[in-house]
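Q:
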Amino acid sequence: MNADTRLAMIAIPAGAVILSDRRTRSSWSVEFAPYQLGVVPVTQALYAQVAGERPSAARGDRLPVESVSWLDAVRFCNALSRQEGLPPVYRRDGAGVECDANVDGYRLPTEAEWENACRAGTTGPRYGPLDEIA
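Here UniProt numbering is used: the first residue of the sequence shown is 1, the next is one more, and so on.
(1) Relative to the C-alpha of proline 109, which residue among Arg23, Asp21, Ala45 and Phe32 is closest?
(2) Run through the UniProt domain "Sulfatase-modifying factor enzyme-like" (9 to 132) for me and flag every whole alpha helix (DSSP H) of 4 or more residues, listed as ranges in chain order.
(3) Determine, using beta-carbon pairs with one atom in the segment 16 to 24 and one in the segment 95 to 102, whether at least three such pairs fall under 8 Å.
(4) Pull up the distance between the alpha-carbon of leucine 63 and that of aspartate 72, whole angstroms please.
(5) Can you tell me the Cβ-Cβ gap for isoleucine 18 and serine 29, rounded? I've got them flagged as a contact below 8 Å.
(6) For my contact list, valine 40 and methionine 9 are in at a C-beta cut-off of 8 Å; report their separation, rounded to the angstrom.
Below you can see the structure in the form of structure tokens.
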């Protein structure tokens, strides 16, 4: 892979995050094991190299890929895993998709993992007056 198609990863330590559902007004804690997450979103160059297509409306090798479905993202993860000699995480099961989180291939983060990464070490949602946080 060249510099435009490399997928740099960062290690995220194990922890827990509080998730909530505003519709039901409930909150719960979810623990997660250590995981790795891409430092930047998947670029169009990497997606094209692995998936063989460029679905994005905006064009640019270093721009994040967009206009992909969840299933497209799953296929990409499996293809990248195979390309790097890792076992695929996802398997089609009839109309659904099974995820084997015990293998070392690429996968999408869980909701808890994504929330944890987005919060960047804080314990809750971050918001406030735009002039103070932007």
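Quick reminder that beta carbons are idealized off the backbone N, C-alpha and C, glycines included.
None of these values were measured; they are calculated from a predicted model.
A: Taking the geometry as given:
(1) Phe32
(2) 44 to 51, 70 to 83 and 111 to 119
(3) no
(4) 17 Å
(5) 6 Å
(6) At roughly 10 Å, the Cβ-Cβ gap does not stay under 8 Å, so valine 40 and methionine 9 are not in contact.
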